[in-house]
Every structure is written in structure tokens, then in C-alpha cells.
Amino acid sequence: MTQTMNPQGPQAEEPHAKQPRTKLARGSKPSMLNLLLRDKVATVAAVVLAVVALTAIFGPPLMGELATKQDLMFMNKPPFDPANGWAYILGSDSLGRSVLARIVVATRTTMMVAVPAVAIALLIGSLWGVWAGYHRGRRETVSMRIADVIMSFPSLLLAVVVLFVFSPSAANIVLILAITRIPIYLRTARAEAAELQSRTFVDAARTFGTKPNAIIARHVIPVVTPTLLTLATLEFCFVMLAESSLSFLGIGIQPPEVSWGLLVAQGRQYLQTAWWLSILPGLAIVITAVAANALAAWLRIATDPAQRWRLTLDKRSAKALKTIVKDAK
Amino acid sequence: MLTYLRKRIISSALPLVVVVIGVFALARMTGNPAALYLPLNATEAMREDFAARNGLDQPIWAQMAQYFGGLLRLDFGASMRTGEDAAAMALRAFPATLQLAAMTMLLAIVLAVVVGSIAALKPNGLLDRFASFTSMIAASIPDFWLAIVGIWVFAISLGWVPTSGVVGAAAWFLPVATLLMRPFGTLVQVIRGAMVSALSEPYIKLARSKGATQRRVIASHALRNAAAPALTVAGDLTVGLVNGAVVVETIFGWPGIGKLMIDSILQRDFAVLQACVLLTAVAIFALNILIDLGYALLDPRVRPSAGKRARRSARRDASRHRPSQPAPAVAAERADATEHELTRSLP
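Quick mapping for you: the protein sequence lines, in order, are chains A and B. Counting from 1, position 147 in the first sequence corresponds to residue 147 in the UniProt record's numbering; the numbering is continuous, with no gaps. Counting from 1, position 51 in the second sequence corresponds to residue 51 in the UniProt record's numbering; the numbering is continuous, with no gaps.
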């Protein structure tokens, strides 16, 4: 799918380049990168996400023209037939456009929605949650009530109603997805901060007369950041699926722009004659979502000091490390 | 218990009211229905007459007051499309969705309990890794794509099931299988985690030393304790199922409330949309109350006075949080909320 794109070259080299360092670091406290390389599943997930990111950045300039070029000689070509040339390796649609190029161009649109939506929700939700959890009292109660209100209704339905009122542009999708996902970070950040604010080191800072905002910035935020970043990775998966669903229902990204969800929707009517038009873009969604999920599962353990040892000790990781060291020799 | 229930009902009713007001206001902004219902060459007088007949010429607060007045008399307004009572339309579509959701959740819970328990018996064993990987994939597949793959494989290529409709058992297969995936995947992860930590507790050792059979240890000691967190997540997943229902009902032509909602948005049928939203919100509200009750039944340690969030946590973290935590209640809350958000990949 998208991984077969040209950006894979530089990306595939990266793990190899880092191998000597893995060897040197043995015995000392392992860095995050070393931990990542020891877990095969997490490494593959990270590579997949990096390829998707590189495709989103460099893909459209390279393949943009191909994605809109119609060629009646190449109508409805089935995928995986090298006779049609590499541009049509994933088949072509009823106008003879390359499916591969269209998926690559759609990658950028999909990422342009998912990444900002996650970033905005993460930033607002966690700052708000930390603030509410640190101060507790009425500020906390009101914040949690607001979160409850947003969370008590299915987010996709809210998005459907809101996007129908305000025209379905990419900016509006980002906004509504960010707003409906803020409570997730808000709840987590509040719970973490509420626990932290009664710890000794925060008490000490308070005794020395540090201002609340300074305490939050110096003592609370660094501690909650790993948890929230893990959550954000998981949320990336959800937001991407939500955008795809909205585009699929016809109230997300609008043609002539394309996103993965929209490609699936457009291909649906050709399901009987050209299955690849909707199945392959969907596969791109699945692979990216699974990679984000797998990376989040790994991050969750790797950023937890009480659980990190699992990654350095368990049998599978040890075996993976052994092969890496052997390869390096 | 009753005081607790009353408190819960009051605090859950607030979101209900806000959602209904919000949808009322938003629906009014989606555009003028007159443009859709009258012919293009309608005169200005005809448009005004249409607006007056449907009460659209009044200011929005007056419309809202009228609407809430009607709600108190159980009058939900009439559909602009068919002139039928909106509540009747919503209530007629509701059972189809309810059956679909109940069937899906029942299957998801049963399958997840079986798979999750088996996986937890040997943490990091072959079965466990397989179950973890499968459940992760199941939880991240977009439902609309899965529905299309299902149609392609089972309806078009194999011809085993119809592509849409509700007649016969075969018609149930694809919608239920599509909706099933995400709750199943998420629940397996939750139940597996809860079972692993429950099986390492001292009371399991005690039960074993008393000579309890493996089946009894798992079914009545470990599973009962693992059920509480799973219940919370299952409740959230059921709310999220409404999301999936909109997509799946649209694809399979299932005459449920999700399809009715999308149709009424597209047709600017305000009364029906509001009735649907209200019905969904009430159903979610009732579900939350039921989950709270179930939670209290499952876990006698949950103190009704312990407040909203602590109530759902209390148990799980005893074995889990860091050693130097001063305020157990707050710490418990924290561990719970974090755990909770991390284990769900759903709204």
C-alpha cells in the first residue's frame, strides 16, 4: 500500500544505522530508542507511521499529477499486475486514474485532519485538566461537568449535526473532532494532577512560595506528559477513523479533494466490478490505525517506570536484541 | 442507596438537557426547510405561510419554549416530511437499533470473556499474544470499511447473504459482525488485563489452596472481580455503538434510529431529528444508571457516598499504584481514570 512508496528508502535504513549504538548501550540504562528497537512489533509500527508521515509530506508533490491524470487506455485495471507499469500497481479507477497515486495524495488530507485535531485537543485538554486538577474545588467540578456533557453523547452524531450546520471543510472537521475529544485528555490530566498536587514535592514547592502556574509548569506537567502522549497516540487512531467515517457519510472531506475515507466511499458503487477501489484505501486506514494502536500499547509500558523492565527482560525482546547484535557483527 | 441513585440521576440529567437544547439550536441553523419543501418558483407569500404553519417565523427562544412545553405534554411535534408524529417515527425505528445493539453487545461480551480469560491464563504465552494482536486489529478496523469488505466477500463473491434488509437470519450476519469488532477487541484487552491482575491476587492462592477447581477459581473468583472494570468499558462501548449504528444502518439499509437520524438531517426534518436525539440521550442516560447499579451489585466495596468517579475505581488499583501515594482515594481515582482512558479506543 503506501509503504511501497519511494520515501521508504531513507526510512528503512534508519534502524540499521542505529544498531551499533544498541550494542554500546547494553548494560547501561536503555534509551527510548533502544527500548523501541528491542520490541519488533513496536519497531514495525513506528516505521509504518514514519512512512505514512513521509508519504503525507513528500507524496503529493511527487504523485499529484498522476493522481488526476485520466487515461482511457487504463480504465479499471486490476491491481498487482506488473504489465501495467508501477504507477498502476494498485489498479486504476473508471477514469483511468492510478489508485496508488490517489491513495498517496489522500494520505496528506487524512493526516492534515488527524494530526491538528489531536494536537489541538491534546494541548487544550491537558492544560485545562492539569489546571482543574491542581486547583480542585469548584473549578474541578465545573470542568468535569462540561466534560460529562460532551462525553455523554456519541461524538460522531455531534459531528454529523455540526458539520451539516457549518459547511464540511477540513478546518471545521478538525475543530469539531478536537472539541469532542478534549474531554478525554481533560479527564486524564485532571485525575493525574489531582493526585500529584498532594505529593510532597509539590507541597515543598508551595511552601517555598512558588506560584500555582509555575508549579504546574515545572512539577506537574513533566510528570503527566508521558501518559498524555500515549493517550494522544491512541486518539490519533480514533480521530483518523472518525474523519474517515464522516467523509464516508458524505459530510467530511468534499471532492475534488480526497481522503482515505472518501476513496472508500467513492469506490463503493464499483464494488461489483472493481473491488480494489474501496478495499485498498481502507487497507491503508487499517494498517495506519493498527500501527498507532501498537505503538500506543508499547509507549504505555515504556513510559511507566514501574513497568519498563518488562521491555528489557522478557523473552521475546531478549531474542530480538540478540539478533540485532548478531546482525551488527 | 436511594440517595445515591437520586444523586446520580440528577447529575446525569444535566447532560441530557444540554444535549437536547444544543441539538435544537444546531438543527435550526442547518438551513431553511422552506427551500427544500416548497417548489423553486414558490412565491414569498407561500414561503411565509409555510414558515408560519410550522412555527418557523417566531424567534428561536419562542420556538424552544413551545417545544419544551410540548415535551411536558409528551408532544414531540410532527414530521415535516410525512406529517406523522415524530415520537411515533422515532419509537418505531428504535427497536431495530436496540435489537442490533443488544445482539452485538451480548455476543461481544460473551466472546470477549471467553477469549480474554483464556489469554490471561498464560500471560505472554502463544495464545495470549495471538489474542492481543487479534483484538488490537479488531479494535482498529473502521466499521464502514469492514461492512464493505463483508458485502464484497459474503454477498457479492459468495452470495451467501443479502446485501441489505432485515428479513431472515442471514440478514443479521453482516451488520452484527461489523458492529461486533470494535467492542469485542476493546473488551478482550480490558478483560485480559483485569484477569491477569485478578489471578495474581492472594485470594486466588487461597482459593487454590482450599482445593477449588480451576473452573471455579476462574469463574467465581477471578471473573467476578474482573467484571467491574469490564462493565464500565462495556457501557462506554455501548454509547459508542450508536456511532457505528449510524454507519452500519446506512450501508445495510437497516431501518433503525441511526438511519432515521441521518435521513432527517438531510431532509431538515427538525421534529424527527430532535425526537431521535432525545430518545438516544434518554437511552444512554438509562444505560448509565443501569451500569451504576450493576457496579454496586458486583462490588460491595463501592460506597455510594464515595462520589462519582471514585465509585467506579476503588477496587482495581489496590495492587497497582506506586508505593508512595499519600491519598488513596485520589490515587485510586487517578489510576482509574488513566487506565480507563487508555483501555478504550472509543468515544
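Glycine included, every Cβ here is placed at the ideal spot set by N, Cα and C.
Original post:
With which residues is D85 (chain B) paired in a DSSP beta bridge?
Top reply: B:A78
**OP:** Tell me, please, whether the CB atom of P154 (chain A) is closer than 9 Å to any CB atom in chain B?
**Re:** yes
**OP:** Using a Cβ cut-off of 7 Å, pull out every chain A residue sitting near G240 (chain B), in sequence order please.
**Re:** P154
Subject >> Test: A87 (chain B) CB closer than 9 Å to a CB of chain A >> reply: no
**OP:** Between the Cα of D75 (chain B) and those of B:F285, B:A271 and B:A281, spot the shortest distance and give me the residue it belongs to.
**Re:** B:A271
**OP:** Please confirm whether F144 (chain B) and V20 (chain B) have their CB atoms less than 9 Å apart.
**Re:** no
**OP:** Within the same chain, show all residues whose beta-carbon is closer than 8 Å to that of T227 (chain A), passing over the 5 residues directly before and after it, in chain order.
**Re:** T188, E192 and T303
**OP:** Grab me the residues of V17 (chain B)'s own chain with a C-beta within less than 7 Å of its C-beta, minus the 5 sequence neighbours each way, in chain order.
**Re:** none
Original post:
Given that I279 (chain A) touches chain B, what residues does it touch there, using C-beta distances under 9 Å?
Top reply: W145, I148, V149 and W152
**OP:** Could you work out which residues of chain B lie near D39 (chain A), taking near to mean beta carbons separated by less than 8 Å?
**Re:** Chain B residues near D39 (chain A): none, gap ~12 Å exceeds 8 Å.
Subject >> Which listed residue (A:L49, A:W131 and A:L122) has its alpha carbon closest to that of R108 (chain A) >> reply: A:L49
Original post:
Under three-state DSSP, which class holds S94 (chain A)?
Top reply: coil
Original post:
On the three-pair Cβ rule with 8 Å, is the region 141 to 156 of chain A touching the region 196 to 212 of chain A?
Top reply: no
Original post:
Which one of A:V118, A:I182 and A:L186 has the shortest CA to CA distance from G129 (chain A)?
Top reply: A:L186
**OP:** Determine, using beta carbons only, whether P15 (chain B) comes closer than 9 Å to chain A.
**Re:** yes
**OP:** Kindly indicate which residue of B:I60, B:T280 and B:S12 has the alpha-carbon position closest to the one of A90 (chain B).
**Re:** B:T280
**OP:** Answer with buried or exposed for S167 (chain A), where buried requires no fewer than 16 other C-beta atoms within 10 angstroms of its C-beta.
**Re:** exposed
Subject >> Every unbroken beta strand (DSSP E) inside the region 92 to 168 of chain A [3 residues or more] >> reply: none
Original post:
Where are the alpha helix (DSSP H) runs, 4 residues long or more, that stay fully inside the region 252 to 304 of chain A, in chain order?
Top reply: 260 to 267 and 276 to 302
**OP:** Provide the residue span of the alpha helix (DSSP H) that contains K122 (chain B), from first to last.
**Re:** Unbroken run through K122 (chain B): none, as it is neither H nor E.
Original post:
Mind checking K205 (chain B): buried by the 16 CB within 10 Å criterion, or exposed?
Top reply: exposed
**OP:** Indicate whether I284 (chain B) and S152 (chain A) have their beta-carbon atoms separated by less than 9 Å.
**Re:** yes
Original post:
Using the beta-carbon count (16 or more within 10 Å), is M32 (chain A) buried or exposed?
Top reply: exposed
Original post:
Under the three-state reduction of DSSP, which class applies to W61 (chain B): helix, strand or coil?
Top reply: helix
Subject >> Option in A:T200, A:L229, A:L283 and A:S198 with minimal Cα separation from G125 (chain A) >> reply: A:L229
**OP:** To the nearest angstrom, report how far apart V258 (chain A) and R102 (chain A) are at their CA atoms.
**Re:** 8 Å
Original post:
Just the Cα atoms here: how many angstroms apart are V162 (chain A) and I176 (chain A)?
Top reply: 7 Å
Subject >> Endpoints, the alpha helix (DSSP H) within which S247 (chain A) is located >> reply: I221 to L249
Original post:
What distance in whole Å lies between the Cβ atoms of V224 (chain A) and I148 (chain B), which are believed to be in contact at a cut-off of 8 Å?
Top reply: That belief does not hold up - the Cβ atoms of I148 (chain B) and V224 (chain A) are roughly 40 Å apart, past 8 Å.
Subject >> Closer than 8 Å at the beta carbon, the chain A residues around T250 (chain B) >> reply: L249
**OP:** Could you tell me how far apart the beta carbons of I191 (chain B) and I9 (chain B) are, in whole angstroms, since I believe they sit closer than 8 Å?
**Re:** The pair is not a contact, with the Cβ atoms about 29 Å apart (cut-off 8 Å).
Subject >> Nearest neighbour of R92 (chain B), chosen from B:L297, B:Y295 and B:G258 [CA to CA] >> reply: B:G258
Subject >> Closer than 7 Å at the beta carbon, the chain A residues around V18 (chain B) >> reply: V149
**OP:** With DSSP collapsed to three states, give me the class of T250 (chain B).
**Re:** helix
Original post:
Cα-Cα, which of B:W61, B:S132 and B:Q58 is closest to G185 (chain B)?
Top reply: B:S132
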